[in-house]
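As given, the protein sequences belong to chains P and W, one line each in that order.
Going by numbering that gives the first Met the number 0, the first sequence wraps up at 595, each residue one higher than the last.
Going by numbering that gives the first Met the number 0, the second sequence wraps up at 166, each residue one higher than the last.
These notes are about the structure you will find just below.
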Amino acid sequence: MMSEALETGTPSFMDRFPQEAAVVRASLISSFIALFLGAVFGLIQALHRTDVFRFLDSQYYYTVLTAHGVLMVVSFTIFFLVGVFTWATVRSLDRPLVDIRYTWAWYGLMAIGTLMAVVAILGGFIPSTDISADVLFTFYAPMQAHPLFYGGLAIFIIGTWLAGADYFRAWYAWKQEHPDERIPLQTFMVLTTMLMWYIATIGVAIAVVVFLLPWSLGLLDSVNPLLTRTLFWFWGHPVVYFWLMPAYLLWYTVLPSISGGRLFSDPLARVVFVLFLLLSTPVGIHHQYVDPGIAEGFKMIAMTNTMFLLLPSLLTAFTVVASMEHGARQRGGTGLFGWLRALPWRNPAFTGMALAGLMFAAGGFSGMVNAGMNINYLVHNTIWVPGHFHLTVGTAVALTFMAATYWLWPQVTNKPIFSRPIALAQVVLWFVGMALMSNAMHVMGLFGVPRRTAEPQYQGFDFVASFGSITELRMQLALGGTLLFLSTILFVSNIALSTGSPRMSGLGKPLSEPLSPAADSPKVLDNLTLWFGIAMVLVVLAYILPLASIITDSGIVDPGVRPVPMLVDAANGLGPISAVTDAASRVVAAVVGVVP
Amino acid sequence: MNIHNYEKIWLMAAILLIVGFISTVTYGATAVGVDMISDDGGTVNASALDEDPRFSEPRVEQVGENEYEAYVIAQQFIFRPDPITVPANSTVTFFVTSPDVIHGFEIVGTNANAMVVPGQVTELTVEFNEPGEYGLLCHEYCGAGHHTMEGSVVVQPQDEFTQGGDE
């Protein structure tokens, strides 16, 4: 039934841990459904705001935008994260999870939470219901969403907390069996990331559970918008590292192996993750540089911390490139730059991750601009900002996840990828599409074009481009967005078609050991209690005074601020369902008009 | 712990870069005087702006030689006053607040850019040199009509400027 060569191959993750592999599959599939839906909404946005093709009334743009944001940066990223973390923990501890029913329970909570929030958001398309959550991913009060939205978010986050506890349980059980061993690197990365997440989610949990959910249920008359906004950003910045850490885990532990080499340094990888645990949270106020009600000194502290947060990413750039070079030289590469040719560019997993890393460097540079308090005046809330984060979460994270899927998926399904050439084309297409879209966004941002706007075309003034033209930039954005959508379709179809591949055994891919092993690093690096404690102290130092000052100045709740429910005006314009049919008929008419 | 020499050089360069960034930003904020928006504007009762001495009547008023204060309300989906008229060669301190949701305040083509939060007063000082007209837009999503929320800032030649603009 199976060929000899395959039978002698390495057992896959699915062969060794079939129950855990099922959880990884479920998580990744949930993630890809969110990615697909998010991409549909993304395409609608790219075409709408550039005025290339508008079929929805502009008020629904914000429903589309909320769905795109939440599905991409909450569902797609975090479902993928729990999939990868479950795989990485079990693989590196080389033992199953403690109780698989518990594991399915947290997966179930995350799925239920997502469904609740998505129902609330999509309700925005149906004017006849009072269910709506057109509040965008940031849900700034006093804009008010339906309680389902806040409730869904809370349940989702509780699911992630329990997932973290699952990884800690597995590690604890492993420790009893291996009392004197260093924490395996992947598990170390998972645990430090989850500790960072526990600290970060304190902010959003208080904002949602203490204020916004009771307020949306009418139990609380008012909230303090600056307080809930600050609590949001307490979580809103570290969450970007929550998206990024699974990508870092893959860059550190998988990319060196598929480059044909070994990770440069295990100890430095641990240092990087500890730095992220320490510095990810006490920086959120950098999203509020131009907010009233927060003193300049607190903004300076956030700026300083943010700049130091560059350090672990700069270290990562070194280690990842050094590990790739090591791999290339193992494969026979020579010369100062000639080794680049020896890398496995035909492997979509490698090429995708390498391109993602390259784009992350560009995203890092635009992030440095955002972090500079005074230059931030020029770009704050312009489309420069989405230009920036489509390079980071939208490529460094998303493209790494897709590329890694080509490597990981066969190991959790025992089925090879349907087509490697399509996979290679897909990752390159993403890179090209994002280069166009993100470039156009950055440039338009410099000319003042705002983000989060259905129609950035105004009555009283025009944007002045100091080079190129706004029209040309709009076309570039729309084209880039279209290519990204096509790339997503290629990815999702390739994975879907892979379910039809024949089942095989021996698809396991062992990971190489680091050149400099864990034993080279001081044991204190593995003292998670210590790092958690220091991280908490830094967060308290960064946040206690600003929060106290906000509460002293304008109260825990601000009775002057009334809720503003975000409901669409049914009388205004076409309903979205008739708009879709109308659009479809227009597309058909256009096509028929072109094709004689 | 064994750290490769190249890695040490990279680490030092990275730290230098970071310290360099912090120094330039701090220099800009202190010596050059790019003030950050802070809590100086104070707070206000968002549901009683019409009783507030600063915001009951959105306006521009002169407070010194070439110094003006502008009291602006950003609300779904307009700015008041509109246009905001100021003289050239002046320093204008804007006080901006909102009676409903969070808005943005961006004078297009400049670095005058701030958030407007109900209950809080945003204070920012802007120097206007040449006469001209600028677009003013809300850059924070504020509801279904967000994309229609715009205004203008008209900088008049000093000799044509009349107190309170031409409302």
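Don't be surprised by glycine CBs; every beta carbon is placed ideally from N, CA and C.
In chain order, what residues of the same chain lie with their CB nearer than 6 Å to the CB of P:Trp344, ignoring the 5 residues before and after it?
-> Cβ within range, chain order: Thr350.
Extent of the continuous beta strand (DSSP E) to which W:Ala73 belongs = Element bounds for W:Ala73: Glu66 to Gln74.
Answer with buried or exposed for W:Met114, where buried requires no fewer than 16 other C-beta atoms within 10 angstroms of its C-beta.
-> With 16 or more other Cβ atoms within 10 Å, it is buried.
Nearest chain P C-beta to W:Thr121 closer than 8 Å, yes or no?
-> True, the Cβ-Cβ gap to chain P drops below 8 Å.
Near-chain W residues of the region 291–310 of chain P (beta-carbon distance less than 8 Å), N- to C-terminal order | Those residues of the region 291–310 of chain P that come within reach of chain W (Cβ to Cβ, closer than 8 Å) are Pro291, Gly292, Ile293, Ala294, Glu295, Lys298, Met299, Met302, Thr303, Met306, Phe307, Leu309 and Leu310.
By DSSP, does P:Ile416 sit in helix, in strand, or in coil?
-> Coil at P:Ile416, not helix or strand.
Using the rule of at least 16 other Cβ atoms within 10 Å of the residue's Cβ for burial, across every protein chain shown, is W:Asn88 buried or exposed?
-> Under the 10 Å beta carbon count, W:Asn88 is surrounded by fewer than 16 other beta carbons and is classified as exposed.
Pick from W:Val33, W:His3, W:Pro130 and W:Ala28: whose alpha carbon is nearest that of W:Thr84?
-> Of W:Val33, W:His3, W:Pro130 and W:Ala28, the smallest CA-CA separation from W:Thr84 is found for W:Pro130.
Under 7 Å between beta-carbons, which chain W residues line up against P:Met565? List them in chain order, please.
-> Residues of chain W passing the Cβ test: Gly142.
Chain W contact for P:Ser492 (CB, 8 Å cutoff) | So no, P:Ser492 is outside the interface.
Does the Cβ-Cβ distance between P:Ile284 and P:Trp232 come in under 8 Å?
-> Yes, the pair counts as a contact, with Cβ atoms nearer than the cut-off.
Can you grab the Cα-Cα spacing for the pair P:Val384 / P:Leu34, in whole Å?
-> Each residue's alpha carbon lies about 21 Å from the other.
Following the continuous beta strand (DSSP E) through W:Arg79, name the residue where it begins and the one where it ends.
-> Element bounds for W:Arg79: Ile77 to Arg79.
Report the rounded CA-to-CA distance for P:Val483 versus P:Tyr197, giving the unit in angstroms.
-> Checking the sequence shown, residue 483 of chain P turns out to be Leu, not Val. P:Leu483 and P:Tyr197 have their alpha carbons spaced roughly 33 Å apart.
Could you name each continuous beta strand (DSSP E) segment of 3 residues or more that falls completely within the region 477–510 of chain P, going from the start of the chain to the end?
-> You should have found no qualifying run.
Can the beta-carbon of P:Pro311 be found closer than 8 Å to that of P:Ser515?
-> No, the pair does not count as a contact, with Cβ atoms beyond the cut-off.
Contact under 8 Å by Cβ, P:Leu184 with P:Thr252 = Against a cut-off of 8 Å, the Cβ pair of P:Thr252 and P:Leu184 comes out as a contact.
Below 6 Å CB to CB, which residues in the same chain sit around P:Arg228 once its five sequence neighbours on both sides are set aside?
-> Contacts found: Tyr139.
In this structure, what does DSSP give as the bridge partners for W:Thr96?
-> For W:Thr96, the pairing in a beta bridge is given by DSSP as W:Ile72.
Indicate whether at least one CB of chain B lies closer than 8 Å to the CB of W:Glu6.
-> Note that chain B does not occur in the displayed structure, where the protein chains are P and W.
Touching by the beta-carbon criterion (3+ pairs, under 8 Å), the region 40–52 of chain P and the region 124–144 of chain P | The answer is no - the region 124–144 of chain P does not touch the region 40–52 of chain P, with fewer than three Cβ pairs under 8 Å.
For P:Pro423, collect the residues of the same chain with a Cβ closer than 7 Å to its Cβ; drop the 5 residues on either side in sequence, then sort them by chain order.
-> Checking the sequence, you will find Leu at residue 423 of chain P rather than Pro. Hits under 7 Å: Arg345, Pro347 and Thr350.
Reducing DSSP to helix, strand and coil, say where P:Gly386 ends up.
-> The answer is helix: DSSP assigns P:Gly386 an H, G or I state.
Taking C-beta to C-beta, are W:Val120 and P:Pro291 nearer than 8 Å?
-> Yes.
Flag W:Glu149 as yes if its beta-carbon sits less than 8 Å from any beta-carbon of chain P, otherwise no.
-> A Cβ of chain P is located within less than 8 Å of the beta carbon of W:Glu149.
Where P:Met142 sits in the DSSP three-state scheme | Residue state, collapsed to three classes: strand.
Which whole-angstrom value describes the C-beta separation of W:Gly134 and P:Tyr376, a residue pair presumed to lie in contact below a C-beta threshold of 8 Å?
-> Between W:Gly134 and P:Tyr376 a beta carbon distance of about 17 Å is seen, past the 8 Å cut, so the two are scored as non-contacting.
May I ask which residues mark the beginning and end of the beta strand (DSSP E) holding W:Pro86?
-> According to the DSSP assignment, W:Pro86 belongs to the beta strand (DSSP E) that extends over Ile83 to Pro86.
Just how far apart, CA to CA, sit P:Leu524 and W:Gly27?
-> Distance between the alpha carbons of P:Leu524 and W:Gly27 is about 37 Å.
Check whether the region 487–496 of chain P touches the region 437–455 of chain P, counting contact only when three or more Cβ pairs, one atom from each stretch, lie closer than 8 Å.
-> Two segments are said to touch when three or more pairs of C-beta atoms, one from each, lie closer than 8 Å; by this definition the region 487–496 of chain P does not touch the region 437–455 of chain P.
How would you label P:Lys174, buried or exposed, when you count the other beta carbons within 10 angstroms and need 16 or more for buried?
-> Around the Cβ of P:Lys174, a 10 Å sphere holds fewer than 16 other Cβ atoms; the residue is exposed.
C-alpha gap between P:Ser258 and P:Leu335, whole angstroms | Rounded to whole angstroms, the gap between the alpha carbons of P:Ser258 and P:Leu335 is 17 Å.
Please determine, among P:Tyr59, P:Tyr166, P:Leu92 and P:Arg181, the residue with the shortest C-alpha to C-alpha distance to P:Asp519.
-> Comparing alpha-carbon positions, the option among P:Tyr59, P:Tyr166, P:Leu92 and P:Arg181 lying closest to P:Asp519 turns out to be P:Arg181.
Which residues, taken in chain order from the region 35–51 of chain W, show a beta carbon closer than 8 Å to some beta carbon of chain P?
-> Going along the region 35–51 of chain W in chain order, one finds Met35, Ile36, Ser37, Asp38, Gly40, Gly41, Thr42, Val43, Asn44, Ala45, Ser46 and Ala47 with a Cβ nearer than 8 Å to chain P.
Would you call the CB atoms of P:Phe124 and P:Val69 closer than 8 Å?
-> Contact flag unset, no.
Please report how far the alpha carbon of P:Thr391 lies from the alpha carbon of P:Ser511, in whole angstroms.
-> Taking the straight line joining both Cα atoms gives about 27 Å.
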